[in-house]
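**Student:**
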Amino acid sequence: SVFKQNIKKIMSGGDVEVEVNDIDDVSGVVMDEEPDEAETVERIKSGVRVRKGRGFNEASERISMQEGEYDTVDSQQNGDPGPARSVEGWILFITNVHEESQEDTMYDLFREYGSVKNMHLNLDRRTGYAKGYALVEYETFNEAKSALQELDGRDLLGHKLHVDWAFVKGPLKKRGNNNRTSSTTIKTISGTGRSTYRRR
Amino acid sequence: MSDDFYLRYYVGHKGKFGHEFLEFEFRPDGKLRYANNSNYKKDTLIRKETYVNRSVIEELKRIVNDSDIMKEDDAVWPPPDRVGRQELEIVLGEEHISFTTSKIGSLIDINNSRDPDGLRCFYYLVQDLKCFVFSLIGLHFKIQPI
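Going down the list, the sequences are from chains A and B. Heads up, the first sequence is in full-length UniProt numbering, so the first residue is 1 and it goes up one at a time. Heads up, the second sequence is in full-length UniProt numbering, so the first residue is 1 and it goes up one at a time.
1. Taking 8 Å as the cut-off, decide whether the C-beta atoms of residue 37/A and residue 171/A are in contact.
2. Identify the continuous alpha helix (DSSP H) that holds residue 129/B and give its terminal residues.
3. With DSSP collapsed to three states, give me the class of residue 86/B.
4. Name the residues in the segment 118-136 of chain B whose C-beta lies less than 8 Å from a C-beta of chain A; which are they?
5. Which same chain residues, not among the five before or five after residue 47/B, have their C-beta less than 6 Å away from its C-beta?
6. Would the beta-carbon of residue 3/B be found less than 7 Å away from any heavy atom of the ligand GTP?
7. Quick one: list the residues of chain A neighbouring residue 55/B, beta-carbon separation under 7 Å, in chain order.
8. Run through DSSP, which three-state label would residue 106/B get?
9. If you check the beta carbons only, do residue 91/B and residue 48/A fall under 8 Å apart?
10. Please state if the CB of residue 12/B and the CB of residue 84/B are separated by a distance shorter than 8 Å.
11. Take residue 145/A as the anchor and find which of 39/A, 126/A, 103/A and 93/A has the nearest alpha-carbon.
12. Applying the criterion that 16 or more other CB atoms from any shown protein chain within 10 Å of the CB defines a buried residue, is residue 107/A buried or exposed?
13. Please classify residue 26/B: is it buried, with 16 or more other beta-carbons within 10 angstroms of its beta-carbon, or exposed?
14. Below 8 Å between beta carbons: does that hold for residue 28/B and residue 6/B?
15. Tell me which residues share the same chain as residue 110/A and place their Cβ nearer than 6 Å to its Cβ, disregarding the 5 neighbours each side in the sequence.
16. Pick out the complete alpha helix (DSSP H) segments inside the segment 13-44 of chain B, 4 residues or longer, and give them in chain order.
17. Residue 40/A by DSSP, collapsed to three states: which one?
18. Is the distance from the Cβ of residue 77/B to the Cβ of residue 106/B below 8 Å?
19. Starting from residue 71/A, follow its DSSP beta bridges and name the residues at the other end.
20. Could you tell me if residue 131/A is buried or exposed, where buried requires 16 or more neighbouring beta carbons within 10 angstroms of its beta carbon?
21. How long is the line joining the alpha carbons of residue 142/B and residue 51/A, rounded to whole angstroms?
22. Does any CB atom of chain A fall closer than 8 Å to the CB of residue 30/B?
23. Which residues bound the alpha helix (DSSP H) around residue 110/A?
24. Residues in the same chain with beta-carbon distance under 8 Å from residue 54/B, minus the five sequence neighbours each way, listed in chain order, please.
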């Protein structure tokens with residue numbers, strides 16, 4: 001299939017990115033995930049039980065994603081786990097934001113720990129209410145760290161905010177059990193509405 | 001319930017100014033890739049990538065779940081055409097959707113389609129996803145993606 005070819009292209013080293021260089025220098029960190037990541041995407045796609053959509057039958061534009069080099073922020077080159085700095089500061093990601101939250105309330109909460117350089121409290125595009133997450137940027141690590149520690153778990157309109165770093169330096173460790181049996185029955189629903197069952 | 005998650009969205013067309021497109025992809029290891037290409041006025045291709053934290057992926061999963069997009073089907077949606085193409089591919093747990101459709105002009109196009117509810121669900125989810133990604137990329141790289 002088209003995407004299998006593209007995955008093979010990645011794995012042949014076409015665009016393995018710079019931020020995972022010098023694997024040997026980093027001890028105790030699972031960095032060999034990077035070249036396997038394409039394989040992981042392939043694996044989770046093939047491990048599903050239900051497939052639906054025209055996209056399986058059509059040539060895709062996904063090739064545009066796979067070619068070429070991608071810019072990164074420099075701090076993400078050393079690969080040990082932990083928060084990553086953004087271009088001009090440190091960004092926190094806040095979830096479980098109550099839908100009636102207002103920007104100024106959010107701002108008042110966060111300005112206590114430092115100078116808020118940027119804040120996004122995005123709205124649900126359909127309802128106009130807060131979507132449920134926000135991003136806050138501080139210039140220094142200490143301000144951000146302090147806000148994270150003090151505001152994680154803080155009540156806002158009856159919801160406990162979750163505050164965490166938005167960006168990290170390397171791939172997330174796999175978690176949970178992915179013990180799929182090697183033989184899976186896949187149900188494919190094609191665009192014509194027919195269902196076919198295929199045993200792999 | 002499996003933890004697997006993958007999401008990719010593409011919108012674009014090929015025309016007078018070359019292959020103009022916007023695409024972003026969230027991979028299971030937290031890597032977010034973003035690409036924006038246009039040859040209009042000789043703009044260059046913008047390509048950014050970064051790793052996002054677990055909570056970002058979890059929030060994305062929640063947004064996808066709440067939208068009910070996994071229950072939809074693109075079978076009768078307008079197919080991609082000369083004007084443009086959208087692709088939305090999501091793996092969530094044990095389900096994998098890969099939807100394609102044309103560009104959607106407005107809610108009027110949706111209301112006149114054969115599956116207004118499904119297409120509307122897609123339309124709003126895509127807007128929410130773009131919002132999400134533009135905030136992440138825009139703040140991290142200090143660029144204005146739009």
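Every residue, glycine too, gets a C-beta built ideally from N, C-alpha and C.
**Tutor:** The structure says:
1. yes
2. For residue 129/B, the uninterrupted alpha helix (DSSP H) segment begins and ends at 116-141.
3. strand
4. 124, 127, 128, 131, 132, 135 and 136
5. 35
6. Because no ligand of any kind appears in the structure shown, any question about the ligand GTP cannot be addressed here.
7. 93, 95, 162 and 164
8. coil
9. yes
10. yes
11. 93/A
12. With fewer than 16 other Cβ atoms within 10 Å, it is exposed.
13. buried
14. It is a contact, given that the beta carbons lie within the stated cut-off.
15. 116, 136 and 147.
16. Inside the segment 13-44 of chain B, DSSP marks no whole alpha helix (DSSP H) run of 4 or more residues.
17. Shown here, residue 40/A sits in a helix according to DSSP, grouped into three states.
18. no
19. 48/B
20. buried
21. 37 Å
22. yes
23. According to the DSSP assignment, residue 110/A belongs to the alpha helix (DSSP H) that extends over 103-110.
24. 30
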